[in-house]
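*Asks:*
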Amino acid sequence: MSEKRCLTYEVKGNKLVLSNGKTYSYKLGTKTVEIDGDVYTKYVPASRVKLDGKYVSTSYASSRTGGGLASEVTYIFNKDGTFHDSKFTGCCRIKTKFDNSE
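Residue numbers (our numbering): 13 to 114.
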């Protein structure tokens, strides 16, 4: 089993130097930081937000031959912070008089 350890870092000018010896370009903006060309935006977390209720996402795709694929994802959030999720995927195939396969 390998032990995972957090690295320390130091900012030296426009470089971010990690304790493992790796160095990345670094640029600090007012609401962003750019590390090695990737930009990250700072967002203040929402306070006391709790979801409550049922949220459902459904989709359906059909083929030219009459078959289809359906899916549904449901999340039910409770006021106490708990939630339940369920997922369904199903397909159907309609055999036509032009279909010789079994």
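Glycine included, each C-beta is placed from N, C-alpha and C at the ideal position. Computed from a predicted model, the values in this text were never measured in an experiment.
Name the DSSP bridge partner or partners of T53?
*Replies:* Paired residue(s): T44.
*Asks:* Please work out which residues of its chain come closer than 6 Å, Cβ to Cβ, to D64, disregarding the five sequence neighbours upstream and downstream, and give them in chain order.
*Replies:* Within the same chain, D64 has close Cβ partners F89, K91.
*Asks:* Quick one: Cα of Y38 to Cα of A58, how far?
*Replies:* If you take the alpha carbons of Y38 and A58, they lie about 28 Å apart.
*Asks:* With C-beta atoms as the reference, is K66 less than 8 Å away from V85?
*Replies:* Not in contact: K66 and V85 (Cβ atoms no closer than 8 Å).
*Asks:* So T20 is in the beta strand (DSSP E); what residue range does that whole segment cover?
*Replies:* Looking at the DSSP string, T20 is not in any beta strand (DSSP E), and its letter there is neither H nor E.
*Asks:* Let's test the definition: count the other Cβ atoms within 10 Å of the Cβ of T53 and tell me whether it reaches 16, buried, or not, exposed.
*Replies:* When all chains shown are included, T53 counts as exposed.
*Asks:* Based on the DSSP output, what are the partners of D97 in its beta bridges?
*Replies:* Per DSSP, Y87.
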